[in-house]
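Participant: Quick one: the structure is below, questions incoming.
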Amino acid sequence: MLRVDLTRQKTRVSDLEPDLAAGFLPTRHYTSGVFEHAWEVSGERLAEEYNVKTRGCFACTIPCSRFYVVKDGKFAGLYGEGPEYEALGSFTARVGNSDLDVALKANDMCNRLGLDALTTAECISWAMELHERGMLKRSEADGLDLSWGNGEAILALIEKIARREGFGDVLADGSRAAAEKLGRGVELTMQVKGLDLIMADPRGLKGFGLGFAVASRGGDHLRSEPFIELSDDPRRGEELFGVPEATLRLAHRGKGKLVSYFEDWCAIIDALETCKNIMQNMEILTFERAAEVIEAATGMRMPASEVRRAGARIVNIERMFNVREGVRRRDDTLPRRFREETLPEGPSRGTVFEQEPMLDEYYAERGWDQRTGIPTRETLESLGLGYAADELRKIKASERN
Amino acid sequence: MKRIQVEAERCAGCRLCEMICSFRHEAKFSPALSRVRVIKEDRHGLDYPVLCHQCDPCPAVAACPTGALTRSSRGVIEVDEAACTGCGACVDACTLDAVHLDDSKPLICDLCGGEPACVERCPTRALTFTDSEEIRRPEEAFRELLGRWGIAG
Chain A
10 MLRVDLTRQK TRVSDLEPDL AAGFLPTRHY TSGVFEHAWE VSGERLAEEY
60 NVKTRGCFAC TIPCSRFYVV KDGKFAGLYG EGPEYEALGS FTARVGNSDL
110 DVALKANDMC NRLGLDALTT AECISWAMEL HERGMLKRSE ADGLDLSWGN
160 GEAILALIEK IARREGFGDV LADGSRAAAE KLGRGVELTM QVKGLDLIMA
210 DPRGLKGFGL GFAVASRGGD HLRSEPFIEL SDDPRRGEEL FGVPEATLRL
260 AHRGKGKLVS YFEDWCAIID ALETCKNIMQ NMEILTFERA AEVIEAATGM
310 RMPASEVRRA GARIVNIERM FNVREGVRRR DDTLPRRFRE ETLPEGPSRG
360 TVFEQEPMLD EYYAERGWDQ RTGIPTRETL ESLGLGYAAD ELRKIKASER
410 N
Chain B
49 MKRIQVEAER CAGCRLCEMI CSFRHEAKFS PALSRVRVIK EDRHGLDYPV
99 LCHQCDPCPA VAACPTGALT RSSRGVIEVD EAACTGCGAC VDACTLDAVH
149 LDDSKPLICD LCGGEPACVE RCPTRALTFT DSEEIRRPEE AFRELLGRWG
199 IAG
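If you read the protein sequences in the order shown, they are chains A and B. If you want the numbering used here, it's the position in the first sequence, counting the first as 1, plus 9. If you want the numbering used here, it's the position in the second sequence, counting the first as 1, plus 48.
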C-alpha cells in the first residue's frame, strides 16, 4: 500500500492514516483499531521530516524504498532504510508507542540484528498485554516496566531477544513458543499456525482475515492479499464474483471466492517472480496479462484460465504438503479475540470475524472437504495432481491406525 | 556542450537506465551491454550512474593505439569498430571508469545522437541533459550528500 509522489521526490508509507480512518489499525495488541497518536508516527510525517532519498529494486519505475535521517534528539544521526508499513505500524500502534524516533531505532535494530520487525513487535506487544492484565510479574520480565509504549523497554527487549538473554530468551522463538515456555497467555498470542499476524485487524478486513486463517505459511497476508476489499465497492464484488459483499470489507459473504481468486493470483505472481505490490495490488499483471508475458518469454500459449489453474495447483500442492504434516480445518483458525470480541471504537467496531461460514464457503470454492479441510481426490485429479491424491490414501490409513 | 548530468540525491539506484541503454544500442535488455553503469553503495543507500562525460581532451582517445576512438565534430566520442582491436587501453585510460568492454568492443556513451534514452526514461529524473562543463565523481557526490544529511561516511 504505497503511494508514490515522484514530483516531490518522496515515497511515502501512507497506510497508517487510511487504516486508522477505517478503524483496523491494530493498536495496543489489537485491543483497539484506533491509535490516537497515528499522525505523530505516520509515513506522512516520516516523509516530511525524515526522508532524504528513495531507492528501488532492479529496473523498477516505482522506487518505493526510502532512506531517512534522524536529525535531532536522542537518536540524532540514526540513518537507515525503511521502515515499511508493517515495521512502522508494529513499533508504534501495536505496542502503543507514540515516539517515531523510538520506532525508527527499533526497526534499525531489528534490521541489524536479523530479526523480523513484525514478529519481534508481536512478542513485545503480547508481553505488554500480559503485563497490563497482571499476568506477568515485573521480575519475570527482567525488571522491565512493560507499560504500553515504554520505548526503553521496547529497545531493551529487542536486544535481549537477539541475544537470548533472560526474558528475551522466552520471546525469541515467536509469540506461540513464548506462551508455551511461560505456560500462559497462548490465547492472547496473535498468530496463526505459529506465524504472527500483520498490521491489519481482521475484524475490519474480513477477506484478509480469511486469508490469514488458511494461508500455507500461517498468519500470512502475502498468500492472498485481497486489496480490492479496501475499495469497499460492491460493484467490483458483483462483477468479479457475482457477490456484492465480496468486496465490502466488513461483510463476510463471498470471501471464500475472493480469497481463492487472490490466492491463485498471488501464486502466479510469485511463480513469475514479480513484485506483488505492483503486479497484484495495483492490478497490473492480471491472469490475461500473465498469459501474454508467459507466451512472450517461453513461447508457451496458455489461456488465462489455464494460468489461473496453475495458481490453483500451487495452492493445492502447498495444502497437501501441510495436510501430510497434520494440518486440518481446526488449524485454520484466527485467535479467539477476533472471533469472540468486538472492537470497542472506530469505524470497524461492533463486529467479529465470522470464521466458520467463511471457511465453509472457502472449502466449497476450493473443492476441499468441509469437515477436515483436506482437498478431495476429485479436486486434485481435476488439477492434474493425481500423485498428491495417492498420498491421501496413506494419510487416511495412518489416521485409522 | 550538452552533457548528461547526474543528481545523486534523486537516483534511486534502479538501473533502469542500464536496461534502456542496452536496449537502445543492442536491442537486448542486458546491463552488461549498457554504456551507463550505476554504482551502488548499499551501506548508505547511495547510487550514482557513471557514464562518459565526453571529456576534452579525452584520455581514452589519446590512449587508443589504432585510432579507433575519435571525437566527432559535435564533440561526441565515437568508436570505429573495424579499427578496434579490443586491447582495452581505453578502459584503463578513462579516469571516470566510464568505458567497458563487451567481449572486445568498447561500450561508450554516444548520447543517443542527441536524445539520450536514459535521460528520457529515468523514473526519478536523476539524469538531465544540459549544458555543463562540470565533471563530478561518485565519491565526491556521496561525500557531499552525507555531509548535507549530517551523516559520518
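By construction, the Cβ of each residue, glycine as well, lies at the ideal position given by its N, Cα and C atoms.
Regarding D151 of chain B and the ligand ADP, is the C-beta to nearest heavy atom distance less than 7 Å?
Facilitator: For the ligand ADP, the structure offers nothing, since it holds no ligand at all.
Participant: Please compile the residues from chain A whose C-beta is within a distance smaller than 7 Å of the C-beta of A60 of chain B.
Facilitator: T63, R64, G65, P72
Participant: With three or more C-beta pairs closer than 8 Å as the rule, is the stretch 97-117 of chain B touching the stretch 157-177 of chain B?
Facilitator: yes
Participant: Please name the residues in the stretch 171-200 of chain B whose beta-carbon is closer than 7 Å to at least one beta-carbon of chain A, in chain order.
Facilitator: P171, T172, W197, G198, I199
Participant: By DSSP, does S269 of chain A sit in helix, in strand, or in coil?
Facilitator: helix
Participant: If contact means a Cβ-Cβ distance below 7 Å, which residues of the stretch 52-77 of chain B contact chain A?
Facilitator: Listed in sequence order: E57, R58, A60, G61, C62, R63, L64, M67.
Participant: With H, G and I counted as helix, E and B as strand and the rest as coil, what does DSSP make of W197 of chain B?
Facilitator: helix
Participant: For P154 of chain B, write down the residues that DSSP places opposite it in a beta bridge.
Facilitator: B:L149
Participant: Give the interface partners of G93 of chain B over in chain A, defined as CB-CB distance under 7 Å, in chain order.
Facilitator: K62, R64, F76, E90
Participant: Under the three-state reduction of DSSP, which class applies to P107 of chain B: helix, strand or coil?
Facilitator: helix
Participant: Measuring alpha carbon to alpha carbon, tell me which residue in B:C65, B:E66, B:R85, B:G123 is nearest P186 of chain B.
Facilitator: When each option's Cα is compared against that of P186 of chain B, the closest is B:R85.
Participant: The stretch 112-136 of chain A: which residues have C-beta closer than 7 Å to a C-beta of chain B, in chain order?
Facilitator: none
Participant: Which residue from A:A319, A:A300, A:C284 puts its Cα closest to that of R310 of chain A?
Facilitator: The residue with the shortest Cα to Cα distance from R310 of chain A is A:A300.
Participant: Please confirm whether A68 of chain A has its beta-carbon closer than 8 Å to some beta-carbon of chain B.
Facilitator: A68 of chain A has a beta carbon lying within less than 8 Å of a beta carbon in chain B.
Participant: List the endpoints of the continuous beta strand (DSSP E) containing T63 of chain A.
Facilitator: Per DSSP, T63 of chain A belongs to the beta strand (DSSP E) from 60-64.
Participant: Just the Cα atoms here: how many angstroms apart are S70 of chain B and E282 of chain A?
Facilitator: 22 Å
Participant: Mind checking whether M137 of chain A and L155 of chain A have CB atoms under 8 Å apart?
Facilitator: Yes, they are a contact pair.
Participant: Is it buried or exposed, D104 of chain B, if we count other Cβ atoms within 10 angstroms and call 16 or more buried?
Facilitator: Flag for D104 of chain B reads exposed.
Participant: Taking K83 of chain A as the query, report the chain B residues whose CB atoms sit under 9 Å from its CB, ordered along the chain.
Facilitator: Within 9 Å Cβ-Cβ: nothing; K83 of chain A doesn't reach chain B, min ~15 Å.
Participant: Could you name the residues of the same chain whose beta carbon sits closer than 7 Å to that of E66 of chain B, not counting the 5 residues immediately before and after it, in chain order?
Facilitator: P79, S82, V84, R85, V86
Participant: Tell me, please, whether the CB atom of K80 of chain A is closer than 8 Å to any CB atom in chain B?
Facilitator: Yes, K80 of chain A counts as interfacial toward chain B.
Participant: What residues of chain B sit near G216 of chain A, judged by a beta carbon separation below 9 Å?
Facilitator: Ordered by position in chain B, no residue passes the 9 Å Cβ test against G216 of chain A, which lies about 32 Å from the chain.
Participant: Would you identify the three-state DSSP class for P356 of chain A, choosing helix, strand or coil?
Facilitator: coil
Participant: Taking C-beta pairs closer than 8 Å, name the residues in chain B that G86 of chain A reaches, listed in chain order.
Facilitator: G198, I199, A200
Participant: On the premise that C138 of chain B lies in contact with C157 of chain B, defined as a C-beta separation below 8 Å, what is that separation, rounded to the nearest angstrom?
Facilitator: Taking a contact as a CB-CB distance under 8 Å, the pair C157 of chain B and C138 of chain B does not count as one, their CB atoms being some 13 Å apart.
Participant: Per the DSSP calculation, E52 of chain B is bridged to which residue(s)?
Facilitator: According to the sequence as given, residue 52 of chain B is Ile; it is not Glu. DSSP output for I52 of chain B lists B:F177 as bridge partner(s).
Participant: Going residue by residue through the stretch 240-284 of chain A, where are the continuous beta strand (DSSP E) segments of at least 3 residues, counting only ones entirely within it?
Facilitator: none
Participant: Relative to the alpha-carbon of N331 of chain A, which residue among A:R380, A:P366, A:M367, A:L401 has its alpha-carbon at the smallest distance?
Facilitator: A:L401
Participant: For D125 of chain A and V127 of chain B, I'd like the C-alpha separation in whole angstroms.
Facilitator: 51 Å
Participant: Does the beta-carbon of M199 of chain A have 16 or more other beta-carbons within 10 angstroms, so that it is buried, or is it exposed?
Facilitator: So M199 of chain A counts as buried.
Participant: Considering only their Cβ atoms, is the gap separating V61 of chain A from L109 of chain A smaller than 8 Å?
Facilitator: no
Participant: Quick test of your reading: E234 of chain A and F271 of chain A, contact by CB under 8 Å. State the CB separation rounded to the nearest angstrom.
Facilitator: 6 Å
Participant: Looking at I383 of chain A and R333 of chain A, is the spacing between their C-beta atoms short of 8 Å?
Facilitator: no
Participant: Compare the beta carbon distance of G158 of chain A and G105 of chain A with 8 Å and say whether it is the shorter of the two.
Facilitator: At the C-beta level, G158 of chain A and G105 of chain A come within 8 Å of one another.
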